[in-house]
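Peer 1: Listed in order, the protein sequences are those of chains A and B. Mapping of the first sequence onto our numbering: position 106 corresponds to residue 106, and the numbering continues sequentially without gaps. Mapping of the second sequence onto our numbering: position 145 corresponds to residue 1145, and the numbering continues sequentially without gaps. Here a beta-carbon is modelled for each residue, glycine too, at the ideal position from N, C-alpha and C. Please see the structure below; I have some questions.
There are 2 protein chains.
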Amino acid sequence: MLDQYSSRLLAQCVEAFSQLPGVGQRTALRYALHLLRRKKEDGQALAQSISQLVDDIKYCKVCHNISDTDICEICSDSQRNQSIICVVENIRGVMTIESTGIYHGLYHVLGGIISPIDGIGPDDVEIDSLVERVAQGGVSEVIFALNPTMEGDTTIFYISRKLAAFDIKMTTLARGVSVGDDLEYADEITLGRSIVNRVSLDAQNR
Amino acid sequence: MLDQYSSRLLAQCVEAFSQLPGVGQRTALRYALHLLRRKKEDGQALAQSISQLVDDIKYCKVCHNISDTDICEICSDSQRNQSIICVVENIRGVMTIESTGIYHGLYHVLGGIISPIDGIGPDDVEIDSLVERVAQGGVSEVIFALNPTMEGDTTIFYISRKLAAFDIKMTTLARGVSVGDDLEYADEITLGRSIVNRVSLDAQNR
């Protein structure tokens, strides 16, 4: 390896870059050589931002979303509807739903979903803290925004049983054909469910 | 931006990653989230290797290849043929030729090629230091391994005039059809030149 790069420092950097997902030796080398061509400050800025990210990032004590503070800015935003909690698998779920601009309630990041095959049980994800939040009162609805997979459905079922004792509405994302999609290309299961769960034209235009 | 990532630290890191070539916001976010999922030490290792690379990398005082020391390990390797210098455009050229395992002489990294359109003149690339190396004696051959483009050919012509006074052999990479290629798909200019510069079967098997 040293032979190929004629520098231990370069070899090390290529090795570290190639640990990133989807980055091979070729791309890693391209990144490293790019940094060498640019100003030193650009490389140092990247190094510092990585270092700060992994060292200083916090997780919100309420919803477990990433945050720079103990309570994230979504949970501490009084403008948002505090009575609705949207349950997502990970922080990416928060970003995805925030990007729609449609939802104005709070979140709860599970940090995973129940998956016996992968050895992930109910205790490995943030279910107890969700039950606690609901138990404290003030919550009227819990929306499950998990991937429409076997594991997602299992997790929804488990949590819904835990929350059954509380007087709250529990909902899940509508499943059906995508907006702008061609019916011809929708898969049969999705299309079938969208027929069974068809909505009246009034409801759709709400 | 802060809104989307709900963390200034994450937003900063995504921004820094997206400065890398071919990396957009999506990929940058993927890299950052990957680092958050892994051990802190992995992220710190990446940060440190980048920081060290841009701060501590040296360029060989003889051939201008990157190096951890003042004289690179190729130049200081007494096993290599000190009488042949292979002229390349950049450090990537050194790596490419080293990867063939065929060449055992020294290198000279120009750090660019003459390109009037881009405002790069002879003084912007390491030509004087090459002439100096040849003037010091002990060099029997200079191989030009530059891209077969107009700029490459211009650079070769310029340097060859500068070196004309010395009693050395000057060569360039053979241009012809690629090994394993189908003649049908070779471009006409390359094929034409490979006919003009045809080699005797003896020479080819050397």
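Classify Leu1201 of chain B: buried if its beta carbon has 16 or more other beta carbons within 10 angstroms, exposed otherwise.
Peer 2: Residue 1201 of chain B sits at position 201 when you count from the first residue of the second sequence. It is exposed - the Cβ of Leu1201 of chain B has fewer than 16 other Cβ atoms within 10 Å.
Peer 1: What residues of chain B sit near Leu146 of chain A, judged by a beta carbon separation below 8 Å?
Peer 2: Here residue 146 of chain A is taken as the residue at index 146 of the first sequence, counted from 1. Chain B residues near Leu146 of chain A: none, gap ~18 Å exceeds 8 Å.
Peer 1: Between the alpha carbons of Val1094 of chain B and Leu1036 of chain B, how many angstroms are there, rounded?
Peer 2: Counting from one through the second sequence, the residue named residue 1094 of chain B turns up at place 94. Counting from one through the second sequence, the residue named residue 1036 of chain B turns up at place 36. Near 36 Å, if we compare the C-alpha coordinates of Leu1036 of chain B and Val1094 of chain B.
Peer 1: Measuring CA to CA, which of A:Ile159, A:Ser7, A:Gly176 and A:Tyr31 is closest to Ile1074 of chain B?
Peer 2: For the purposes of this step, residue 1074 of chain B is identified with residue 74 of the second sequence, where counting begins at 1. Residue A:Ser7 is the option with its Cα nearest to Ile1074 of chain B.
Peer 1: Could you tell me which chain B residues have their CB closer than 9 Å to the CB of Asp118 of chain A, listed as they occur along the chain?
Peer 2: If you number the first sequence from 1, residue 118 of chain A lands on position 118. By Cβ distance, chain B contributes nothing, its closest Cβ being about 14 Å from Asp118 of chain A, past 9 Å.
Peer 1: Taking the C-alpha atoms as reference points, what is the distance between Arg38 of chain A and Arg193 of chain A?
Peer 2: The residue labelled residue 38 of chain A in the question sits at position 38 within the first sequence. The residue labelled residue 193 of chain A in the question sits at position 193 within the first sequence. Arg38 of chain A and Arg193 of chain A: Cα-Cα distance of roughly 54 Å.
Peer 1: Gly112 of chain A by DSSP, collapsed to three states: which one?
Peer 2: Taking the first sequence and counting its residues from 1, one reaches residue 112 of chain A at position 112. In the structure shown, Gly112 of chain A sits in coil (DSSP, three-state: anything other than H, G, I, E or B).
Peer 1: Please look up how many angstroms separate the CB atoms of Leu191 of chain A and Val177 of chain A, rounded, as I've assumed it's under 8 Å.
Peer 2: To locate residue 191 of chain A, count along the first sequence from 1; it is residue 191. To locate residue 177 of chain A, count along the first sequence from 1; it is residue 177. Contact holds; Cβ gap of about 6 Å.
Peer 1: To the nearest angstrom, how far is it from the Cα of Asp1181 of chain B to the Cα of Gly1105 of chain B?
Peer 2: Locating residue 1181 of chain B in the second sequence gives position 181, where the first residue counts as 1. Locating residue 1105 of chain B in the second sequence gives position 105, where the first residue counts as 1. Whole-angstrom Cα-Cα distance: 28 Å.
Peer 1: Of all the CB atoms in chain A, is at least one closer than 8 Å to the CB of Ala1028 of chain B?
Peer 2: Translated into the one-based positions of the second sequence, residue 1028 of chain B becomes position 28. No, no contact with chain A.
Peer 1: Among residues of its own chain, excluding the 5 on either side of Phe1017 of chain B, which ones have a beta-carbon nearer than 7 Å to its beta-carbon?
Peer 2: Here residue 1017 of chain B refers to the residue found at position 17 of the second sequence. Excluding sequence neighbours, Phe1017 of chain B sits near Val1023, Ala1028, Tyr1031 and Ala1032.
Peer 1: Confirm, please, whether the CB-CB distance from Ser1083 of chain B to Val1139 of chain B is below 8 Å.
Peer 2: Taking the second sequence and counting its residues from 1, one reaches residue 1139 of chain B at position 139. Taking the second sequence and counting its residues from 1, one reaches residue 1083 of chain B at position 83. Cβ atoms of Val1139 of chain B and Ser1083 of chain B: closer than 8 Å.
Peer 1: Find the residues of chain A that neighbour His1034 of chain B, judging by a C-beta separation of less than 9 Å, and give them in chain order.
Peer 2: As a working note, residue 1034 of chain B is residue 34 in the second sequence. By Cβ distance, chain A contributes Gln19, Leu20 and Pro21.
Peer 1: What's the C-alpha gap between Leu1183 of chain B and Val1196 of chain B?
Peer 2: One-based indexing of the second sequence puts residue 1183 of chain B at position 183. One-based indexing of the second sequence puts residue 1196 of chain B at position 196. Cα to Cα, Leu1183 of chain B sits roughly 15 Å from Val1196 of chain B.
Peer 1: Less than 8 Å between C-beta atoms, sequence neighbours within five positions excluded: which residues of the same chain meet that for Ile127 of chain A?
Peer 2: Numbered from its first residue, the first sequence carries residue 127 of chain A at position 127. Leu110, Tyr158, Ile159 and Lys162.
Peer 1: Given that Asn65 of chain A touches chain B, what residues does it touch there, using C-beta distances under 9 Å?
Peer 2: Position 65 of the first sequence, counted from the start, is the residue given in the question as residue 65 of chain A. Within chain B, the residues near Asn65 of chain A are Ser1006 and Ser1007.
Peer 1: Helix, strand or coil, according to DSSP, for Lys61 of chain A in the structure here?
Peer 2: The residue you call residue 61 of chain A lines up with position 61 of the first sequence. Coil.
Peer 1: What ranges does the beta strand (DSSP E) occupy inside the stretch 70-107 of chain A, keeping only unbroken runs of at least 3 residues that lie completely in it?
Peer 2: Listed in chain order, they are 81-88.
Peer 1: Quick one: measure Cβ to Cβ for Ile114 of chain A and Glu89 of chain A, integer angstroms, because I've assumed they're closer than 8 Å.
Peer 2: The residue given as residue 114 of chain A occupies position 114 in the first sequence. The residue given as residue 89 of chain A occupies position 89 in the first sequence. That pair is no contact at about 10 Å.
Peer 1: Determine the burial state of Ala174 of chain A: buried for a count of at least 16 other Cβ atoms within 10 Å of its Cβ, exposed for fewer.
Peer 2: Taking the first sequence and counting its residues from 1, one reaches residue 174 of chain A at position 174. Exposed.
Peer 1: Among A:Asn81, A:Asp118 and A:Asp42, which residue has its Cα nearest to the Cα of Ile102 of chain A?
Peer 2: One-based indexing of the first sequence puts residue 102 of chain A at position 102. Of the candidates A:Asn81, A:Asp118 and A:Asp42, the one whose C-alpha sits nearest the C-alpha of Ile102 of chain A is A:Asn81.
Peer 1: Taking 8 Å as the CB-CB cut-off, is Gln1044 of chain B touching chain A?
Peer 2: Here the question's residue 1044 of chain B lines up with position 44 in the second sequence. Closer than 8 Å to some Cβ of chain A, the Cβ of Gln1044 of chain B qualifies, so yes.
Peer 1: Taking the C-alpha atoms as reference points, what is the distance between Thr149 of chain A and Thr155 of chain A?
Peer 2: Taking the first residue of the first sequence as 1, we reach residue 149 of chain A at position 149. Taking the first residue of the first sequence as 1, we reach residue 155 of chain A at position 155. Roughly 10 Å between the two C-alpha positions.
Peer 1: Taking 8 Å as the limit between beta carbons, can you name the residues of its chain near Leu1046 of chain B, skipping five residues before and five after?
Peer 2: Against the second sequence, residue 1046 of chain B aligns to sequence position 46. Answer for Leu1046 of chain B: Leu1035, listed in chain order.
Peer 1: List the endpoints of the continuous beta strand (DSSP E) containing Val1142 of chain B.
Peer 2: Start at 1 with the first residue of the second sequence, and residue 1142 of chain B comes out as number 142. Glu1141 to Phe1144 is the span of the beta strand (DSSP E), which, as asked, contains Val1142 of chain B.
Peer 1: Need the endpoints of the beta strand (DSSP E) that Thr172 of chain A sits in, please.
Peer 2: For the purposes of this step, residue 172 of chain A is taken as the residue at position 172 of the first sequence. Its beta strand (DSSP E) spans residues Lys169 to Thr172.
Peer 1: For Val179 of chain A, go through chain B and note every residue whose CB falls closer than 7 Å to its CB, in chain order.
Peer 2: By one-based count along the first sequence, residue 179 of chain A stands at place 179. Within chain B, no residue comes near Val179 of chain A; the closest Cβ sits about 21 Å away, beyond 7 Å.
Peer 1: Tell me, which residues are paired with Lys1067 of chain B by DSSP?
Peer 2: By 1-based counting over the second sequence, the position of residue 1067 of chain B is 67. The question names Lys, but residue 1067 of chain B in the sequence shown is Ser. Ser1067 of chain B pairs with B:Lys1058.
Peer 1: Give me, in chain order, the residues of the same chain whose beta-carbon lies closer than 6 Å to that of Tyr5 of chain A; leave out the 5 immediate sequence neighbours on both sides.
Peer 2: Within the first sequence, the letter at position 5 stands for residue 5 of chain A. Around Tyr5 of chain A: Ala11.
Peer 1: Between Asp70 of chain A and the rest of its own chain, which residues show a CB-CB distance below 7 Å, the 5 nearest in sequence each way excluded?
Peer 2: Along the first sequence, read from residue 1 onward, the residue named residue 70 of chain A stands at position 70. If we look at Asp70 of chain A and ignore the five residues flanking it on each side, its Cβ neighbours are Lys58 and Lys61.
Peer 1: Check whether the Cβ atoms of Val1087 of chain B and Ile1143 of chain B sit closer than 8 Å, and answer yes or no.
Peer 2: Indexing the second sequence from 1 puts residue 1087 of chain B at position 87. Indexing the second sequence from 1 puts residue 1143 of chain B at position 143. It is a contact, given that the beta carbons lie within the stated cut-off.
Peer 1: Just the chain B side, please: which residues come within less than 8 Å of Leu53 of chain A by C-beta, in chain order?
Peer 2: Your numbering for residue 53 of chain A matches position 53 in the first sequence. Those within 8 Å of Leu53 of chain A in chain B are Leu1009, Leu1010, Gln1012, Cys1013, Ala1032, Leu1035, Leu1036 and Gly1043.
Peer 1: Just to make sure I have the definition right: I need the residues of chain A whose C-beta is within less than 7 Å of the C-beta of Ser1049 of chain B. Which are they?
Peer 2: The residue labelled residue 1049 of chain B in the question sits at position 49 within the second sequence. Near Ser1049 of chain B (Cβ distances below 7 Å), the residues of chain A are Gln12, Cys13 and Ala16.
Peer 1: Going by C-alpha distance, which of B:Ala1135, B:Ser1129, B:Gln1052 and B:Ile1091 is nearest Ala1165 of chain B?
Peer 2: Reading the second sequence from its first residue, position 165 is the one you call residue 1165 of chain B. Cα-wise, what sits closest to Ala1165 of chain B is B:Ala1135.
Peer 1: Smallest Cα separation from Arg1133 of chain B: which of B:Val1014, B:His1064 and B:Gln1079?
Peer 2: If you number the second sequence from 1, residue 1133 of chain B lands on position 133. Nearest of B:Val1014, B:His1064 and B:Gln1079 to Arg1133 of chain B, Cα basis: B:His1064.
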